[in-house]
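Trainee: If you scroll down you'll find the structure; I have some questions about it.
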Amino acid sequence: MLDEHFPNSLIARYYGVNVVHSNGDVWRRLRRICNPAFKSLPIHFFIETGFKLMDILEKIDNKPIEVRNLMHRFALDVLGKAAFGFDFDNLGKPNNVYVTAYNKVQEDIRNPYFIYFPILNCIPFLNKQRFKRVEELDNILDEIVEKKREALANENTPKRGDLLELMLKACEDPENQKLTNVEFRHNLGVFMLAGHDTTANSLATVLYLLAAHKDVQRKAREEILRVLGDNLTPSMEQQKSLKYLDMILYENLRLYPPIAILPARVTTKDIECRGHVIPAGACIQLFIYGIHHSPELWKNPEEFLPERFENEQHEQGEFGSWLGFGGGSRMCLGHNFSFIEQRIVLCLLLRKYEISLTPNSIHKNGLKIDVAYSGTMSPLPIELIFKRRSE
């Protein structure tokens with residue numbers, strides 16, 4: 001629980017009790033309500049925002065554009081619509097009041113001084129404005145939850161099928177204990193945290209890889225044109241046939257996992273592992289980046305080779321050798337969500353554009369990345385050129 005590990009902190013105040021940071025019966029209850037919602041999300045949320053992204057690129061055809069920021073704007077808009085049917089309009093108006101409120105809270109939560117020196121959370125004058133900004137964002141989310149409840153109760157109101165709506169429906173199951181508005185807000189907040197930066201950074205790095213490896217880009221485009229025919233975006237059924245594109249996505253997450261280091265877990269009892277005993281109370285972290293780049297697990301681990309994922313059982317080879325979305329019972333709920341979003345974006349882009357690095361790119365000899373104190377990994381800004389293809 002966040003309030004146990006970070007008492008009086010902004011992160012505990014904003015994210016509260018949620019499906020990511022809880023354990024035991026609380027986690028099982030939240031997982032039971034959230035899990036079905038992630039399996040039922042319609043793809044129109046991704047497509048609507050994908051077309052807005054294409055409108056932006058249409059205006060800057062064949063000129064450099066920084067894609068890390070662009071993908072972050074795109075991913076926030078998708079999450080707002082898919083999570084609770086709200087349009088942040090970050091692509092259209094990146095400095096609007098809603099985007100600013102969200103970004104300010106994220107900056108406050110990630111302030112490393114308050115993580116490394118938790119005593120700062122107890123000093124009122126340092127936290128007054130920080131907690132006020134969270135309260136303003138909370139009020140926005142609470143209003144959205146309440147309006148969604150009212151809309152769901154009104155049979156004449158069109159249903160959009162966003163995550164909040166599906167979770168509210170799951171609460172109607174007599175076997176599930178209903179969530180309060182505060183619990184909904186905490187879980188929507190953590191979904192935004194888990195799904196925004198991670199997918200945005202993955203999109204930025206995969207676009208870099210495609211720009212740097214034109215043979216892979218060409219092969220992916222050929223598959224997209226063959227599978228989709230005249231369709232601009234893939235249906236759920238067509239997505240199952242985008243085998244090579246999925247290999248690229250898996251290999252991208254192997255090379256550049258957005259979460260490089262998993263949060264620490266504490267053992268509750270002695271554990272024997274390969275002849276060694278890990279005592280109870282030990283703090284353990286998984287170094288995903290190290291696992292993904294281990295020559296003991298991967299042949300030529302520093303090379304970009306999508307074909308290494310041709311075997312559809314790749315995830316079940318050496319258990320834990322690929323942890324792009326974690327693993328086991330606590331595997332990321334949004335892994336399908338993220339892959340659908342990435343497939344749709346890449347189908348739209350590769351059909352229409354040839355993607356290239358700028359001549360003087362800082363990444364021309366390899367992608368430069370940054371690992372934050374929190375264990376998240378992101379590329380430095382990436383300028384790419386999108387040149388319209390001649391059909």
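Quick note on UniProt numbering: the sequence shown kicks off at 1 and runs consecutively.
Glycine is no exception: its CB is placed at the ideal position from the N, C-alpha and C atoms.
This structure is a prediction, so every number in the text was calculated from the model and none was measured.
#1: Taking the alpha-carbon of Glu172 as reference, which of Gln342, Ile33, His335 and Lys387 has the nearest alpha-carbon?
#2: Could you check what DSSP says for Cys171 in three-state terms: helix, strand or coil?
#3: Do you know how far the Cα of Pro257 is from the Cα of His340?
#4: Name the two residues that bound the continuous alpha helix (DSSP H) containing Leu30.
#5: Which whole-angstrom value describes the C-beta separation of Ala212 and Leu357, a residue pair presumed to lie in contact below a C-beta threshold of 8 Å?
#6: Please go through the stretch 54-140 and give each complete alpha helix (DSSP H) segment of 4 or more residues, from N-terminal end onward.
#7: I'd like the span of the beta strand (DSSP E) that includes Met377, first residue to last.
#8: Work out the CA separation of Asn121 and Val145 for me, nearest whole Å.
#9: Assign Val182 to one of three DSSP states: helix, strand, or coil.
#10: CB-CB under 7 Å to Glu315, same chain, minus the five flanking residues each way: which ones, in chain order?
#11: Verify whether the separation of the beta carbon atoms of Thr205 and Leu57 is less than 8 Å.
#12: Where Ser244 and Cys273 are concerned, what is the direct C-alpha to C-alpha distance, given to the nearest angstrom?
#13: Measuring CB to CB, does Lys104 end up less than 8 Å from Arg149?
#14: Within the same chain, show all residues whose beta-carbon is closer than 7 Å to that of Asn252, passing over the 5 residues directly before and after it, in chain order.
#15: Taking contact to mean 3 or more Cβ pairs, one atom from each stretch, closer than 8 Å, check whether the stretch 183-197 and the stretch 326-342 are in contact.
#16: Who does His276 pair with in a DSSP beta bridge?
#17: Is Gly317 buried or exposed, if buried means 16 or more other CB atoms sit within 10 Å of its CB?
#18: Kindly identify the DSSP beta-bridge partner or partners of Ser356.
#19: Between which two residues does the alpha helix (DSSP H) carrying Asp370 extend?
#20: In terms of residue numbering, what span does the alpha helix (DSSP H) encompassing Gly290 cover?
#21: Thinking C-alpha only, which one of Lys364, Ser235 and Asp246 is nearest Gly324?
#22: Could you check how far apart the C-beta atoms of Arg226 and Leu350 are, in whole angstroms? I think they sit under 8 Å.
#23: According to DSSP, is Ile362 part of a helix, a strand, or is it coil?
#24: Nearest-angstrom Cα distance between Phe184 and Leu164?
#25: So, for Asn95: in the same chain, excluding its five sequence neighbours on each side, which residues have a beta-carbon less than 8 Å away from its beta-carbon?
#26: Closest to Asn69 by C-alpha separation, out of Gln239, Leu91, Asp55 and Asn62, would be which residue?
#27: Using the Cα positions of Leu228 and Leu10, report the straight-line distance between them to the nearest angstrom.
#28: Cutting at 6 Å between CB atoms, please list the residues of its own chain near Val99, excluding the five before and the five after it.
#29: I'd like the span of the alpha helix (DSSP H) that includes Asn252, first residue to last.
#30: Helix, strand or coil: which one does DSSP assign to Arg160?
#31: Who are Arg265's beta bridge partners in DSSP?
#32: Taking only three categories from DSSP, how would you classify Asn8?
#33: May I ask you to report which of helix, strand or coil DSSP gives Ile43?
Mentor: Taking the definition as stated:
#1: Within the sequence shown, the letter at position 172 stands for residue 172. The residue with the shortest Cα to Cα distance from Glu172 is Ile33.
#2: The residue labelled residue 171 in the question sits at position 171 within the sequence shown. In the structure shown, Cys171 sits in coil (DSSP, three-state: anything other than H, G, I, E or B).
#3: On the sequence shown, position 340 is the one that residue 340 refers to. On the sequence shown, position 257 is the one that residue 257 refers to. The sequence given here places Ile at residue 340; His does not occur at that position. Between the alpha carbons of Ile340 and Pro257 lies a gap of roughly 17 Å.
#4: Counting from 1 along the sequence shown, the entry for residue 30 is found at position 30. First-last of the alpha helix (DSSP H) with Leu30: Gly24 to Lys39.
#5: For this step, residue 212 is matched to residue 212 along the sequence shown. For this step, residue 357 is matched to residue 357 along the sequence shown. Ala212 to Leu357, Cβ: 6 Å. Contact.
#6: 67-84, 97-109 and 112-116
#7: Residue mapping note: residue 377 aligns to position 377 of the sequence shown, counting from 1. Element bounds for Met377: Met377 to Pro379.
#8: Indexing the sequence shown from 1 puts residue 145 at position 145. Indexing the sequence shown from 1 puts residue 121 at position 121. Val145 and Asn121: Cα-Cα distance of roughly 29 Å.
#9: Numbered from 1 along the sequence shown, position 182 holds the residue referred to as residue 182. Under the three-state reduction of DSSP output, Val182 falls in the helix class.
#10: Locating residue 315 in the sequence shown gives position 315, where the first residue counts as 1. Caution is warranted here: a pLDDT of 49 is assigned to Glu315, below 50, making its placement in the model unreliable, and no coordinate value can be reported.
#11: On the sequence shown, position 205 is the one that residue 205 refers to. On the sequence shown, position 57 is the one that residue 57 refers to. No.
#12: Taking the sequence shown and counting its residues from 1, the one referred to as residue 244 is at position 244. Taking the sequence shown and counting its residues from 1, the one referred to as residue 273 is at position 273. Note on identity: in this sequence residue 244 is Tyr, with Ser being the wrong assignment. Roughly 37 Å separates the two Cα atoms.
#13: Mapped onto the sequence shown, residue 104 falls at position 104. Mapped onto the sequence shown, residue 149 falls at position 149. Against a cut-off of 8 Å, the Cβ pair of Arg149 and Lys104 comes out as no contact.
#14: Position 252 of the sequence shown, counted from the start, is the residue given in the question as residue 252. Counting only Cβ-Cβ distances below 7 Å, and skipping sequence neighbours, we find Ser202, Thr205, Val206 and Leu209.
#15: yes
#16: Taking the first residue of the sequence shown as position 1, residue 276 is located at position 276. DSSP output for His276 lists Cys273 as bridge partner(s).
#17: The residue given as residue 317 occupies position 317 in the sequence shown. In this prediction, Gly317 has a pLDDT of 45, which is less than 50 and means its spatial position is unreliable; nothing more can be read from the coordinates.
#18: Along the sequence shown, one-based indexing puts residue 356 at 356. According to DSSP, which records beta bridges pairwise, Ser356 is partnered with Ile385.
#19: Numbered from 1 along the sequence shown, position 370 holds the residue referred to as residue 370. Where Asp370 is concerned, there is no enclosing alpha helix (DSSP H), although the beta strand (DSSP E) it sits in stretches over Ile369 to Val371.
#20: Residue 290 sits at position 290 when you count from the first residue of the sequence shown. Note, Gly290: alpha helix (DSSP H), Ile288 to His292.
#21: Here residue 324 corresponds to residue number 324 of the sequence shown, with the count starting at 1. Minimum Cα distance to Gly324 is reached at Asp246.
#22: Here residue 226 refers to the residue found at position 226 of the sequence shown. Here residue 350 refers to the residue found at position 350 of the sequence shown. Rounded, the Cβ-Cβ distance is 12 Å, inconsistent with contact.
#23: Along the sequence shown, read from residue 1 onward, the residue named residue 362 stands at position 362. In the structure shown, Ile362 sits in coil (DSSP, three-state: anything other than H, G, I, E or B).
#24: Within the sequence shown, numbered from 1, the residue matching residue 184 stands at position 184. Within the sequence shown, numbered from 1, the residue matching residue 164 stands at position 164. Whole-angstrom Cα-Cα distance: 8 Å.
#25: Translated into positions along the sequence shown, residue 95 becomes position 95. Correct list: empty, nothing qualifies.
#26: Position 69 of the sequence shown, counted from the first residue, corresponds to residue 69. Residue Leu91 is the option with its Cα nearest to Asn69.
#27: Sequence index remark: in the sequence shown, residue 228 carries index 228 (1-based). Sequence index remark: in the sequence shown, residue 10 carries index 10 (1-based). Rounded to whole angstroms, Leu228 to Leu10 spans 46 Å at the Cα level.
#28: In the sequence shown, counting from the first residue as 1, residue 99 sits at position 99. Only Phe88 and Asn90 meet the Cβ criterion.
#29: On the sequence shown, residue 252 is found 252 positions in, with the first residue counted as 1. Asn252 -> alpha helix (DSSP H) spans Lys243 to Leu255.
#30: For the purposes of this step, residue 160 is taken as residue 160 along the sequence shown, with counting starting at 1. In this structure, Arg160 counts as coil in the three-state DSSP scheme.
#31: Indexing the sequence shown from 1 puts residue 265 at position 265. DSSP output for Arg265 lists Ile284 as bridge partner(s).
#32: For the purposes of this step, residue 8 is taken as residue 8 along the sequence shown, with counting starting at 1. DSSP, read as helix, strand or coil, puts Asn8 in coil.
#33: Sequence index remark: in the sequence shown, residue 43 carries index 43 (1-based). Here Ile43 sits in coil by DSSP.
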